[in-house]
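S.K.: So the number in the working numbering is just where the residue sits in the sequence shown, counting from 1, plus 18.
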Amino acid sequence: MNSCAVQNNSTQYNYGGGVYNDGSGGGATLSILNSIVSGNRAYASGGIFNDASYGGSATLSLMNSSVDGNVAYHSENLVAARAAASSTTGR
19 MNSCAVQNNS TQYNYGGGVY NDGSGGGATL SILNSIVSGN RAYASGGIFN
69 DASYGGSATL SLMNSSVDGN VAYHSENLVA ARAAASSTTG R
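See the structure below:
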């Protein structure tokens, strides 16, 4: 995902109001470059949810991007991971 704005989205009973990187039971790789994730709402992980449950893998890379102003009703509000997910950030 390059030069995108993911803003003002919501999900009431699920994870990842802005972005859901779904590697559950399989594999997923997501790179977010020069982008913004803000103003999103979710049950858990309002901004980005990186899911590697059920023996899967999920890799998330953030470069020159911002994740802020997101709201989670139950837990994390920025970036959350489940199971063996990994994430990296850089400028």
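Where a beta carbon is used, it is the ideal one built from N, C-alpha and C, also for glycine. As the structure is a computational prediction, the values presented were derived from the model and not from experiment.
Do you know offhand how far residue 65's Cα is from residue 73's?
M.R.: Along the sequence shown, one-based indexing puts residue 65 at 47. Along the sequence shown, one-based indexing puts residue 73 at 55. If I take the Cα positions, the gap works out to 23 Å.
S.K.: Can you tell me which residues form a DSSP beta bridge with residue 25?
M.R.: For the purposes of this step, residue 25 is identified with residue 7 of the sequence shown, where counting begins at 1. 56.
S.K.: Helix, strand or coil: which one does DSSP assign to residue 72?
M.R.: By one-based count along the sequence shown, residue 72 stands at place 54. Looking at residue 72 - three-state DSSP - the assignment turns out to be coil, as it is neither helix nor strand.
S.K.: Looking only at its own chain, which residues have a Cβ that is under 6 Å from the Cβ of residue 22, when we skip the five neighbours before and after it?
M.R.: Within the sequence shown, the letter at position 4 stands for residue 22. Hits under 6 Å: 53.
S.K.: Once the 5 residues before and after residue 29 are set aside, which same chain residues still bring their CB inside 8 Å of it?
M.R.: Position 11 of the sequence shown, counting from 1, holds the residue named residue 29. Excluding sequence neighbours, residue 29 sits near 35, 59, 60, 61.
S.K.: Around the C-beta of residue 41, are 16 or more other C-beta atoms found within 10 angstroms, so that it is buried, or is it exposed?
M.R.: Position 23 of the sequence shown, counted from the first residue, corresponds to residue 41. Buried: at least 16 other Cβ atoms inside 10 Å.
S.K.: For the beta strand (DSSP E) containing residue 38, list its first residue and its last residue.
M.R.: Position 20 of the sequence shown holds residue 38. First-last of the beta strand (DSSP E) with residue 38: 37-40.
S.K.: On the CB-based measure, 16 or more other CB atoms within 10 Å of its CB, does residue 63 come out buried or exposed?
M.R.: In the sequence shown, counting from the first residue as 1, residue 63 sits at position 45. With 16 or more Cβ atoms within 10 Å of its Cβ, residue 63 is classed as buried.
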